[in-house]
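Before any comments, here is the structure.
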Amino acid sequence: MPPLTTREIYQVLRDASLEVRPLRLVGVQSESGLVQVDIEGWQLTLDVDGTRLRHCQRCQSPDGRVGLFDSWQRYGTDPVSLLSTWELAQIERLLSAFKTAV
Numbered sequence: 001m002p003p004l005t006t007r008e009i010y011q012v013l014r015d016a017s018l019e020v021r022p023l024r025l026v027g028v029q030s031e032s033g034l035v036q037v038d039i040e041g042w043q044l045t046l047d048v049d050g051t052r053l054r055h056c057q058r059c060q061s062p063d064g065r066v067g068l069f070d071s072w073q074r075y076g077t078d079p080v081s082l083l084s085t086w087e088l089a090q091i092e093r094l095l096s097a098f099k100t101a102v
């Protein structure tokens, strides 16, 4: 099974920013800044510094494929870096709303 590509994960994040796919908070590790979210069966672990989304640490697709930060860095592109400024702001807004609700 091939690993997830940066572009596939970017598309899922983009859809969540446009609210085409619902983003649901699954867990928060406040000491490490990692946030786990679910986007229609896609499990993402995001590195968040305060309210700023830094990068995607890990992603697992509904079909079981996995992508990891270390492999994306090897190729020089993290899925978060492909988001437009507006898309990134929307994801950060959604994550911030979850954090204040918790």
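Be aware that the sequence shown starts at 1, since it is given in full-length UniProt numbering, and climbs by one per residue. We put the beta carbon where it would ideally sit given N, CA and C, even for glycine. Given the structure is predicted, the values throughout are model-derived calculations rather than measurements.
Quick one: what's got a C-beta closer than 6 Å to residue i's C-beta in the same chain, skipping five residues either side?
{"i": "residue 21", "result": "15, 39, 40"}
{"i": "residue 60", "result": "43, 66"}
{"i": "residue 58", "result": "45, 68"}
Per the DSSP calculation, residue i is bridged to which residue(s)?
{"i": "residue 29", "result": "34"}
{"i": "residue 4", "result": "Answer is none; residue 4 lacks a bridge partner."}
Quick one: residues in its chain with C-beta nearer than 8 Å to the C-beta of residue i, no 5 flanking neighbours on either side, listed in chain order?
{"i": "residue 71", "result": "3"}
{"i": "residue 83", "result": "10, 13, 14, 17, 91"}
{"i": "residue 114", "result": "Nothing can be reported for residue 114: it is not among the residues displayed for the chain, which extend from 1 to 102."}
Beta-carbon within less than 7 Å of residue i's beta-carbon, same chain only, minus the 5 sequence neighbours each way: which residues are those?
{"i": "residue 95", "result": "35, 48, 53"}
Nearest by alpha-carbon distance to residue i: which of the options is it?
{"i": "residue 44", "options": "13, 31, 32", "result": "13"}
{"i": "residue 6", "options": "81, 88, 85, 87", "result": "81"}
{"i": "residue 37", "options": "31, 50, 56, 51", "result": "56"}
{"i": "residue 51", "options": "33, 25, 8", "result": "33"}
In three-state DSSP terms, what is residue i?
{"i": "residue 45", "result": "strand"}
{"i": "residue 18", "result": "coil"}
{"i": "residue 54", "result": "strand"}
{"i": "residue 88", "result": "helix"}
{"i": "residue 83", "result": "coil"}
{"i": "residue 13", "result": "helix"}
{"i": "residue 65", "result": "coil"}
{"i": "residue 94", "result": "helix"}
Check the C-beta distance from residue i over to residue j and give it rounded, since I have them as a contact under 8 Å.
{"i": "residue 78", "j": "residue 69", "result": "7 Å"}
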